[in-house]
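Numbering (the numbering used here), first residue to last: 1 to 183.
What follows is the structure in structure tokens.
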């Protein structure tokens, strides 16, 4: 069995595509996943499975739109192995996430697009925003005191945004802690 972190894009955001975590967990158990753990209401799940990641992605995407009343255009699933998530955290830029009182730090997980394709849609404001490319992710940080001046949300207007899902640094590291516990 392999431990996977499953990130669901497009559920429980702005009151749209509402899915209770209890119902999601129940569905994943019915699909045969083991040791299913959800974390907060924004589509974070840790599971164990002997299936490959691509099969898990396809199965969960199909099951979500079949079992819940969702706008399937918004729904995407990213499946990361425990090792992949650990690597994303271990290979963060120096100091990233270390000053939560000063900076809002997010990991932008890319789904079926490359970092090279995604980077051009970002337009960081000097002194407020910073971005760094990673392996399948973009690390994003904005100065908390100046966050209303941030330009990072402008990337949401791009069609490429539909191929991204964002988690704050605290959520990202918490998911690793859950995966570590379950592995």
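Think of the CB as a built atom: it goes at the ideal place given N, C-alpha and C, for glycine as much as any other residue.
* Going by beta carbon distance, what residues of the same chain come within less than 8 Å of residue 39, once the five residues before and after it are set aside? -> Within the same chain, Cβ atoms closer than 8 Å to the Cβ of residue 39 are found at 45, 46, 171, 174, 175, 178, the five residues on either side in sequence being excluded.
* Asked: For residue 200, which option in 167, 92, 180 has the closest C-alpha, if you only look at C-alpha atoms?
  -> Residue 200 falls outside the range modelled here, since the chain spans only 1 to 183, and no answer is possible.
* To do: Return helix, strand or coil for residue 164, following the three-state DSSP convention.
  => Strand, per DSSP.
* Asked: When the Cα atoms are used, what is the spatial distance from residue 2 to residue 92?
  -> So the alpha carbons of these two residues sit roughly 24 Å apart.
* For my contact list, residue 55 and residue 104 are in at a C-beta cut-off of 8 Å; report their separation, rounded to the angstrom. => With a beta-carbon spacing of about 35 Å, residue 55 and residue 104 fall beyond the 8 Å limit used to define contacts.
* For residue 94, three-class secondary structure by DSSP -> Assigned with DSSP and collapsed to three states, residue 94 falls in coil, not helix or strand.
* Asked: Is the beta carbon of residue 85 sitting closer than 7 Å to the one on residue 5?
  -> Residue 5 is positioned such that its CB atom lies closer than 7 Å to that of residue 85.
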